[in-house]
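Here's the structure, in structure tokens; my notes come after.
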Amino acid sequence: MTDSNTPLVELKDISISFGGIKAVDHVSVDLYPGEVVGLLGHNGAGKSTLIKCLSGAYQKDAGEILINGHSADIQNPRDARDYNIETIYQTLALADNLDAASNLFLGRELTTAAGLVDDAAMEAETRKIMGRLNPNFQKFSAPVSALSGGQRQSVAIARAVYFNAKILIMDEPTAALGPQETQMVAELIQELKKQDLGIFLIDHDVHQVKQLCDRAAVMKNGKLVGVVKVDEVSTDDILAMIIAGKKPAHLAA
Amino acid sequence: MTDTTQPPTATDDKSGPIARFIRQTEIDTRLLGMLGALAAIWIGFHVYGAVVNGFGAFLTPRNLWNLSVQTSSIGIMATGMVLVIVTRHIDLSVGSVLGFCAIIMGVMQVNILPGILGLGHPLIWIIAIATGLFFGACIGAFQGFLIAYGKIPAFIVTLGGLLVWRGAAFLVARGETISPVDETFALLGGGPYGAIGGVGSWIVGILGVAAVLGLIVFGRRQRKTFGIAQRPVWADGFLATVGCGAVIGAVLLVNSYPWPRGIVRRYAAAEGIEIPPEGLFISHGFAIPVLILVGVAICMTVLMTRTRFGRYVYAIGGNPEAAELAGINVRFMTVKIFALMGFLTGLSAVVASARLGSATNALGTLDELYVIAAAVIGGTSLAGGVGTIYGAILGALVMQSLQTGMVLIGFDAAIQQVVVGSVLVLAVFLDILYRRNSK
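Protein sequences appear in the order of chains A and B. First residue of the first sequence? That's 1 in my numbering, and the numbers climb one at a time after it. First residue of the second sequence? That's 1001 in my numbering, and the numbers climb one at a time after it.
Shown next, in the form of structure tokens:
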């Protein structure tokens, strides 16, 4: 962690409401290079909504997003990609009728000199990255609807890391995975940290957050309860923040 | 089997020779099914005619040539409808837009342009067509805009369009039939003069054979470059033989349909040729509208399978939210897809009105249903994400074969409607069964 530098991302005073309900209410979180910030909270606490402002899926009503200290205007997912923000959505956001390579390169297809999509080259690249992420993956020509949950997840992860992301958003990346694959994601996160990426990790599993994250931001009912360094708190402290919405006593002062 | 790329496994031994054959040639089983259905329809009508009416009229060069021309107009539009349906939309307005474009082109070449350029000016047909295509594309883009940015369901927008453009066509020409169309324009509808003759057909055939062989050789080279398992040589050889055979067969067929005697006599008189006593055999060759359809099919297939545009069409159909999150401008894509549909409808209007030799207000009535049926019979899923261009064209051919066949054996219009409607429902049901079993 390098606290002295400017943060990679600063979400300042972000608010969004849907039909009068404040889904995110004046929340501020920041993220430094090489750091993993966990976002915790109940279902409907506003974690995913907050993060979708950064990935361009939603537009914030108020607040400011700074990237490397500069104000960033993110209107849609294309803008987010231009800022090297990659997202692994909870729903995975895969086109089920397309194969792994088409999904991996969706919106950023490799083309031949004639401007036609180069399926063979994309498949070759996909084989390369999948060989690194999930060596058991073999179904390259099948539509992703024919893949298992874990295989689909690895396609979504491959898509996020292939394009040299600087900021990675992972919305429950291990929800569909078995223990072995979860371990693989944990190792991947460690490796990406070393490459100085900043990662927002949304997760329900407090133990996993303690293990993977540097800091944890807890939300409740759209509001930020607090941001804590995971080494300074116990799992019970974090649980108390999630459930009761209170910062632990030894940090409150 | 000479296949060395795949080690024989237990399933290999169990599956029959047919399953093994299909797997190694990598032929789409759905395509086989459609070709089988088509063959059944053709042979069925021919045999029925031969037995009941004493004359099998279906499998004759004359009928098959006419069938090819009749399929063109619906086939051209069906290729566009594939994109619309794959992206989970529908276009009910194509029949009316066809009528409107035909009237616009009729007015241009009969009422407006001759007054400016002089009757029979060589630019008339080009300007008329360009106007028709432009109007078609603009109407499509406008409807697409309402659907994408106005968030009005495509069903409603194009249902409105169905009425609006039919009415607009009436208003433009006050309900009159506009004829005769420009002479060059009329060639695009087929007919004896609107075909490319024996020699021209052989040239097209040779190009076709070269394309088939080129594709197979290129495919082998691509697979080698990227280390993907090759088809066995015999399988590629088989595909090449079938492909080339189909092309050469088509050339032989269209070349064995001669001009009618009256037209030969007029042609001979005009060219100063002596007609020998046994008569003069002048082949039709491929009709120009059929070549237009083939050209459209090739372009659309390349568009759908080899360009980003086509990839996005399928992605939007598979998961619109994922497409949006992947940075695809789904709304603008919708506008482009409907504009393309409109453009193809304009092209179809060229073929339809040229074939008729005039532009009438009723041209294209009910075409939307045949076009949608063709796409759906051809395997395009109304749930989105699935559909092929060649399937839609085969679907159009199936629809047209049914209609032509029933006319030939003397079924009246009421029975034709019952049969066509039933076949549509049955085809979709079989498709659902197929998908369920292939999972």
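The beta carbon of each residue, even a glycine, is placed where N, CA and C say it ideally should be.
| query | result |
| --- | --- |
| Beta carbon of A:L50, beta carbon of A:I169: below 8 Å? | no |
| Could you please give the first and the last residue of the uninterrupted alpha helix (DSSP H) stretch that includes A:E187? | P179 to K194 |
| Of the choices B:M1034, B:V1082 and B:I1228, whose alpha-carbon is the least far from that of B:I1305? | It should be noted that the sequence gives Thr, not Ile, for residue 1305 of chain B. Checked all of B:M1034, B:V1082 and B:I1228; the closest Cα to B:T1305 is B:V1082. |
| How many angstroms separate the CA atom of B:I1415 from the CA atom of B:Q1143? | 35 Å |
| Does the beta-carbon distance from B:A1392 to B:A1137 come in below 8 Å? | no |
| Go through its chain and collect everything with a Cβ distance to A:V209's Cβ below 8 Å, but skip five positions before and after it. | G38, L40, L201, D203, A216, V230 and I238 |
| Identify the continuous alpha helix (DSSP H) that holds B:G1237 and give its terminal residues. | V1233 to N1255 |
| Any beta carbon from chain B within less than 8 Å of A:A93's own beta carbon? | yes |
| Do B:S1348 and B:I1076 have their CB atoms nearer than 8 Å? | yes |
| Please check if any C-beta of chain B sits within less than 8 Å of the C-beta of A:L116. | yes |
| In whole angstroms, what separates the C-alpha of B:G1346 from that of B:V1290? | 16 Å |
| I'd like to know whether the C-beta atoms of B:I1147 and B:A1154 end up nearer to each other than 8 Å. | yes |
| Can you confirm whether A:L77, when its beta carbon is compared against all beta carbons of chain B, has any partner nearer than 8 Å? | The question names Leu, yet the displayed sequence has Pro at residue 77 of chain A. Closer than 8 Å to some Cβ of chain B, the Cβ of A:P77 qualifies, so yes. |
| Can you give the Cα-Cα distance for A:P77 and A:A160, rounded to whole angstroms? | 13 Å |
| Using Cβ-Cβ distances below 9 Å, what residues of the region 1223-1240 of chain B are close to chain A? | R1223, T1225, F1226, G1227 and I1228 |
| On the criterion of 16 or more Cβ atoms from any shown chain inside 10 Å, does A:L251 qualify as buried, or is it exposed? | exposed |
| Assign A:L299 to one of three DSSP states: helix, strand, or coil. | Outside the shown range of chain A (1 to 253) lies residue 299 of chain A, about which nothing can therefore be said. |
| Using a C-beta cutoff of 8 Å, does B:G1318 count as contacting chain A? | yes |
| Leaving out five residues on either side along the sequence, give the residues of the same chain with a beta carbon under 8 Å from the beta carbon of B:A1078. | V1371, A1374, A1375, G1378, A1392, I1393, G1395 and A1396 |
| What does the alpha-carbon distance come out to for the pair B:G1357 and B:P1180? | 6 Å |
| List in chain order: all unbroken beta strand (DSSP E) runs of 3+ residues lying wholly within the region 57-143 of chain A. | 62-67 and 85-88 |
| So, at 8 Å on beta carbons, what are the nonlocal neighbours of B:F1134 in its own chain, with the 5 sequence-adjacent residues on each side left out? | G1346 |
| Tell me where the beta strand (DSSP E) around A:D25 begins and ends. | I21 to L31 |
| Using a Cβ cut-off of 7 Å, pull out every chain A residue sitting near B:R1311, in sequence order please. | S102, E109 and V117 |
| In angstroms, rounded to a whole number, what distance separates the CA positions of A:S234 and A:T6? | 28 Å |
| Using a Cβ cut-off of 8 Å, pull out every chain A residue sitting near B:V1386, in sequence order please. | N97 |
| Mapping DSSP to helix, strand and coil, what is B:I1275? | coil |
| Could you tell me which of B:F1429, B:M1341, B:E1183 and B:W1065 sits nearest to B:L1098, measuring between CA atoms? | B:M1341 |
| For A:M122, which residues in the same chain have their Cβ closer than 6 Å to its Cβ, ignoring the five residues on either side in sequence? | A101, F105 and L110 |
| Would you please verify whether the beta carbon of A:A124 is less than 8 Å from any beta carbon of chain B? | yes |
| Taking 8 Å as the threshold (C-beta atoms), are A:V27 and A:L212 in contact? | no |
| Can you give me the Cβ contacts of A:F163 inside the same chain, cut-off strictly under 7 Å, excluding the 5 residues immediately before and after it? | E86 and R108 |
| What number of angstroms, rounded off, separates the C-alpha of A:D3 from the C-alpha of B:N1319? | With a pLDDT of 47 at A:D3, under the threshold of 50, the modelled position of that residue is not reliable, and the figure given next carries that caveat. Distance between the alpha carbons of A:D3 and B:N1319: 40 Å. |
| For B:L1035 and A:I16, what's the separation of their Cα atoms in angstroms? | 56 Å |
| Check the Cβ-Cβ distances between B:R1440 and every residue of chain A, and say whether any is below 8 Å. | In the structure as shown, chain B starts at 1001 and stops at 1439, and residue 1440 of chain B therefore has no counterpart that could be examined. |
| Measuring CA to CA, which of B:S1068, B:A1240, B:I1041 and B:L1171 is closest to B:G1285? | B:S1068 |
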